[in-house]
Structures are given as structure tokens and as C-alpha cells.
Amino acid sequence: MSQMRGQVAFFLNGKLHQVSGSTCFLTLSDYLRRENALTGTKVVCAEGDCGACSVLKSSPVFLATPKPHFEMVNSCIALVAQMDGCVLLTVEALGELNNLHPVQKAMYESHASQCGFCTPGFVVAMVDMFESHKGACSEQEIKNHLTGNLCRCTGYQSIIEAAKSQSSDLYLHLRKKYLGKTVVETLTKFCRKALMVESQEAVLLAPCSKSELISVIKKHPKAVMIAAGTDLGVQRNKHGRRPPVLISLHLIKELYETKFLKDKVVVSARVTFSELRKSLLKKCPTVANFLDVFASPQIKNVATLVGNVANGSPIADAPPFLFALNARIKVLSSKTEKLIEIPIVDFYLDYRKLKLKTGELIWSVSFDLPSKNETLYLQKITQRKDLDISCVNVGFWSKKSSKAKLSDLRLALGGVAATPVRLQKTEKAFLKNQNLEEALKIAQSEISPLSDLRGSSAYRRLVVHNYLKDFLSKQVSL
Ligand SMILES: Cc1cc2nc3c(=O)[nH]c(=O)nc-3n(C[C@H](O)[C@H](O)[C@H](O)COP(=O)(O)OP(=O)(O)OC[C@H]3O[C@@H](n4cnc5c(N)ncnc54)[C@H](O)[C@@H]3O)c2cc1C
Ligand code: FES
Ligand code: FES
Numbered sequence: 002m003s004q005m006r007g008q009v010a011f012f013l014n015g016k017l018h019q020v021s022g023s024t025c026f027l028t029l030s031d032y033l034r035r036e037n038a039l040t041g042t043k044v045v046c047a048e049g050d051c052g053a054c055s056v057l058k059s060s061p062v063f064l065a066t067p068k069p070h071f072e073m074v075n076s077c078i079a080l081v082a083q084m085d086g087c088v089l090l091t092v093e094a095l096g097e098l099n100n101l102h103p104v105q106k107a108m109y110e111s112h113a114s115q116c117g118f119c120t121p122g123f124v125v126a127m128v129d130m131f132e133s134h135k136g137a138c139s140e141q142e143i144k145n146h147l148t149g150n151l152c153r154c155t156g157y158q159s160i161i162e163a164a165k166s167q168s169s170d171l172y173l174h175l176r177k178k179y180l181g182k183t184v185v186e187t188l189t190k191f192c193r194k195a196l197m198v199e200s201q202e203a204v205l206l207a208p209c210s211k212s213e214l215i216s217v218i219k220k221h222p223k224a225v226m227i228a229a230g231t232d233l234g235v236q237r238n239k240h241g242r243r244p245p246v247l248i249s250l251h252l253i254k255e256l257y258e259t260k261f262l263k264d265k266v267v268v269s270a271r272v273t274f275s276e277l278r279k280s281l282l283k284k285c286p287t288v289a290n291f292l293d294v295f296a297s298p299q300i301k302n303v304a305t306l307v308g309n310v311a312n313g314s315p316i317a318d319a320p321p322f323l324f325a326l327n328a329r330i331k332v333l334s335s336k337t338e339k340l341i342e343i344p345i346v347d348f349y350l351d352y353r354k355l356k357l358k359t360g361e362l363i364w365s366v367s368f369d370l371p372s373k374n375e376t377l378y379l380q381k382i383t384q385r386k387d388l389d390i391s392c393v394n395v396g397f398w399s400k401k402s403s404k405a406k407l408s409d410l411r412l413a414l415g416g417v418a419a420t421p422v423r424l425q426k427t428e429k430a431f432l433k434n435q436n437l438e439e440a441l442k443i444a445q446s447e448i449s450p451l452s453d454l455r456g457s458s459a460y461r462r463l464v465v466h467n468y469l470k471d472f473l474s475k476q477v478s479l
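For the sequence shown, this note's numbering puts the final residue at 479, and the numbers step up evenly by one.
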């Protein structure tokens, strides 16, 4: 590999920052507040749950498609090193005391702020909304867009009123102002070279191609992959987890691709949930709509599907729909230098234990797109509607023959065992004799839910019973 770059490069509020050493391993919010006195960005929860730390971050500028654009993200769980090649805007870039941004003015005039701690985050979220919609938004769009922002003292109605009072002149073309040709060309030049930044405790490496990646992993087989770091960032802030060697795939262009083949889609390792949602709106609306209840816009704008699969959580929201859609995990081995495919049903071995050997990583995940005679049924059962972790999640799929007879079935669940599970005995029995009562009984023997804060074991069993009953009773051939 040619000589590596020792500095992370990004633009912050219009100025180029080149950062090395331990600063690269600070959270972005600490870098903004402590190193740059940009204290408009607040930190409340430090785990991605409240939106007080929201900033605008461009998608990677070296990608020709999609064109670089701004999206809001949480700065409390991201490392400075992850800003490499991006353009950042904080609330300070949006308006000043004597020249407020129209959103800031509206928040003030609508009495939408009391203690004000959440206000910069709401301002960033609203600006992001108007920029991405290019103008005014409906009440529902406003509510959806603000699900990642919490306010503890004002109450949401006046905040929504502030957003509703805005007209189409709100679209201020931040992209034109801050993502011009010179900025893009400057960062693209940096991003052509692999990155290695280190502090006394950690090193982060970012190769630019598959072959560079293989040689980096060969040198550091036990390195931890970092995608968006939404899981890793929370583990760092709340549990002090600091892997000594991190590998980031952010400079590998081909890993940002979502490829639609005849009857399936291939989602590469750097594709975010927001991009996935957009690209599935027409091709698989059931999954796209399901992603509305996945985390918050701030998280979806960076979190990857591959990170969700690799995290191995039994309550992650992607595995049930991936099981239902017959997903395959493409694994890159640094030892054989080859890509191999593993069916997702064989991928989860035990609690957070994956079929990945040392020196292997996930390159992409592919899954089938349902056709006309197939039904996909997805549910997420949580204690509140938005921004909540699943108690149980459900991914059911069925196929009917030309004579409307049930011909195939996949039943997958999360939150009912140490790993996401597929109820293969239940599927087999129901396909054979379509006896609903028998299938419901077998299903209970295939799950082993625990009791925790999100729900008791008995509650989870009841949820599974009810959803299965609802789905299977509609599959019975007439
Ligand atoms: C506020 C908040 C809300 C959330 N809401 C939800 C939710 O509603 N539903 C849900 O399912 N999850 C949710 N999550 C969890 C998290 O956002 C998702 O799991 C996300 O998809 C992780 O993706 P990432 O890119 O951030 O992964 P990272 O945090 O970067 O990585 C996660 C794990 O995967 C490994 N990894 C990453 N890439 C690879 C690779 N290519 N090969 C091998 N291993 C790899 C990492 O080493 C790490 O162990 C939430 C998290 C937060 C902070
Ligand atoms: S401080 Fe709450 S999301 Fe970052
Ligand atoms: S104004 Fe106090 S938390 Fe929102």
C-alpha cells in the first residue's frame, strides 16, 4: 500500500480542518464544544437518543452519486475520525444573533423554547427538513422528521407550530453554499489516499480498495470494523469500550452501492438505512415503510444495514425481514482473499456470536424482492411508537401458487431467543397440513423468550401467538 495519510480532513462551518493524534478519537461533540468553542451543540444523553447534539453532515463528497448533500446526525456518538472526507455545519453556521435563520426566528416567535437546551438540536433538525424537502412541510412530515429530538420542558405543540409557520422561502440552498466545487475537489484529493491515525491507545485505519483492505486485515486480524459507529459509539460512551485497532471502510467507493438485480437487491457495507429506505420505496415498500419506525432520522442517516446484521443483537430490527426475504451474507476473508456467501439462517450461532472467523468481515447483504404472489408482513412491538428498541419483532413471508394455494413460508422473529430465529418446524408443519392450532403450539416450542425491562417472557409468547395467528389464518388455502 502506498504511504498512508496521517490526518483526518473535513470542512467545519466552511473551514478546512486537518486533525491527527488523539483528537481523532474524541467524540465529534467534544471536538466541537471543547476544541472549537462551538457550544451551540449540546450534549444531554450521549447515546443518540435526544437529538440535542444534532449537526448537519454531508454524505461522503468523493461519491459522484448520490450528489453530496447534508443530513442531520448525532455528534455525541461519532468519532472525529469518522468525519473524514465530509463537510459539517453546526447551529452556529445557520444564523447569528442579529441575523437569525428563519427557523430560529420562528422558534422564538412561537414560544417554542424554555430552558433552550434542546433548541439548537430542533433548529438543526428543522433546517435539515426544509433543505431536504426544498421548502414547507406537512404536519405529519414535521412530526416524522422530529422523532429524534426530545424536549423536556416546552412541550411539542409550539415546536410543531414553529415548523408549520414556515413557508417555502426556507430552502436556503446550504448545499450550494457549503458543498461547492472547490470543497468537493479538496476533500476528494484527501480521500484518494488511505488513512491511518493513531493515539497512545488506539489506531484507526481506512484503506481505499478491497486489496488494501485485505492487506490491512492481514496485519491486524483482530481489528474491530467500524461503520457508522452508532452501536460502537454507545458502547464507548456508556460502557467504556475502546477497541485498540479500528478499521473503517469509508474510503472504499464500491461499498456505497445498492444494486438491484432481477429479483433481488445487494446492499453493500456502507449503505445507510436512509438510503436503503429511499431505494426500496418503489421496489419493496413494505420494508421501506417498516424503516420509518427504525430509530430516528439522525441514526438512519448514518447507521448501516450491515452494521445492524453484524452487531448480532437478538432484538435488531433488520434480521427478521432479512430472514423472511431469504438474505445471504457476503463475507470477505482476508485469508483466502475471496468472497463467500452464507445464508442468514446459518449466520447467527449464539448470543452475539456470528459465523465470522478472525480476519473476516461482511462485504454486503443481499435479499429477495417479494413478487406479486408473495406476502411480506413486518411488525415491531415497542413500548413507544418512535425511537424505541423492539420488545419483539416479526418478519413473516408467504408464497402462493397460481391456484392461490400456499406453497412456501418463512416465519422469523427477534426478541424471543438469544439470536434472531426462524421457526422452521412451524413452517414445515403448517405447509404440510395447514393446521393452525398445531402450528401455534409448535411455534411456542421453538422460542425461549426472557423477561426483561421491555416485556415479560409470557407477554412475548402472547405477542408471538397473536401475530402468528393473524398471519397464518390468512394463509390457509380455500
Ligand atoms: C439512538 C439509537 C437508536 C437505535 N434504534 C435502533 C432500532 O430502532 N432498531 C435497531 O435494530 N437498531 C437500532 N439501533 C442500533 C444501531 O443503530 C443499529 O444496529 C445500526 O444498524 C448499526 O449500524 P452501524 O453502521 O452504526 O454499526 P457500527 O456501530 O459501526 O457497528 C456495529 C457492529 O458491527 C460490526 N461491523 C460493522 N461493519 C462491519 C462489517 N462490514 N463486517 C463485520 N462487522 C462489522 C462492528 O464491529 C460492531 O461490532 C439504535 C442505536 C441508537 C444509538
Ligand atoms: S446528546 Fe442526546 S443524542 Fe446526542
Ligand atoms: S426547551 Fe427545555 S428541553 Fe426543550
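We treat Cβ as the ideally placed atom computed from N, Cα and C, and that holds for glycine. Just so we're clear, the structure is a prediction, and the values are computed from it rather than from any experiment.
- Within the same chain, Cβ atoms closer than 7 Å to the Cβ of Arg243 are found at Glu202, Ala203, Arg237, the five residues on either side in sequence being excluded.
- Taking 8 Å as the cut-off, the Cβ atoms of Cys87 and Val62 count as close.
- No Cβ-Cβ contact shorter than 8 Å links Gly41 with Glu97.
- Annotation for Lys381: the continuous beta strand (DSSP E) segment containing it runs 375-382.
- Around the beta carbon of Lys43, a 10 Å sphere encloses 16 or more other beta carbons of the protein chains shown; the residue is thus reported as buried.
- Collapsing the DSSP output to three states places Gln4 in coil.
- In this structure, DSSP gives Asn14 a state outside helix and strand, which the three-state scheme calls coil.
- The three-state secondary structure of Ser408, taken from DSSP, is strand.
- Take Gln476, set aside five residues on each side of it, and the residues of its chain with a beta-carbon closer than 6 Å to its own are Ser399, Leu407, in chain order.
- In the assembly as shown, Lys381 is a buried residue. Its beta-carbon has 16 or more other beta-carbons within 10 Å.
- Annotated three-state conformation of Phe397 is strand, per DSSP.
- With a cutoff of 7 Å, Cys152 does not count as near ligand 2, since its C-beta is closer than that to no heavy atom of the ligand.
- One thing to note: Phe11 has its Cβ no nearer than 8 Å to the Cβ of Val184.
- Here Tyr460 has no same chain residue with a Cβ atom under 7 Å from its own Cβ, once five neighbours each way along the sequence are excluded.
- From the listed residues Tyr352, Pro371, Thr359, the smallest Cα separation to Leu451 is found for Tyr352.
- Per DSSP, the unbroken alpha helix (DSSP H) holding Ser275 starts and ends at 274-284.
- About 7 Å separates the CB atoms of Thr148 and Pro298; that is less than 8 Å, so the two are in contact.
- In the three-state reduction of the DSSP assignment, Pro245 falls in the coil class.
- C-alpha of Leu333 to C-alpha of Thr187: approximately 31 Å in a straight line.
- Annotation for Ile300: no beta strand (DSSP E) segment contains it, though the alpha helix (DSSP H) segment containing it runs 298-301.
- Val104 sits close to Met127, with the two beta carbons spaced by under 8 Å.
- For Asp318, the Cβ falls inside the 7 Å cut-off from some heavy atom of ligand 1.
- Asp387 has its alpha-carbon roughly 37 Å from the corresponding atom of Gln19.
- A direct Cα-to-Cα measurement between Lys106 and Cys119 gives close to 15 Å.
- Looking at the DSSP output, Pro344 bridges to Arg329.
- Here DSSP, grouped into helix, strand and coil, assigns Asp369 to strand.
- In terms of Cβ geometry, Ala418 and Ala430 do not form a close pair [threshold 8 Å].
- Between Glu342 and Lys331, the beta carbon gap of about 5 Å places them in contact (Cβ cut-off 8 Å).
- About 16 Å separates the CB atoms of Thr231 and Val294; that is not less than 8 Å, and the two are not in contact.
- Look at Ala418: its beta carbon is at least 7 Å from all of the heavy atoms in ligand 2.
- For Arg271, the number of other beta carbons within 10 angstroms of its own is at least 16, and it is reported as buried.
- Between the region 363-370 and the region 256-276 there are three or more inter-stretch CB-CB distances shorter than 8 Å, so the stretches are counted as touching.
- Here Val225 is bridged, per DSSP, to Leu247.
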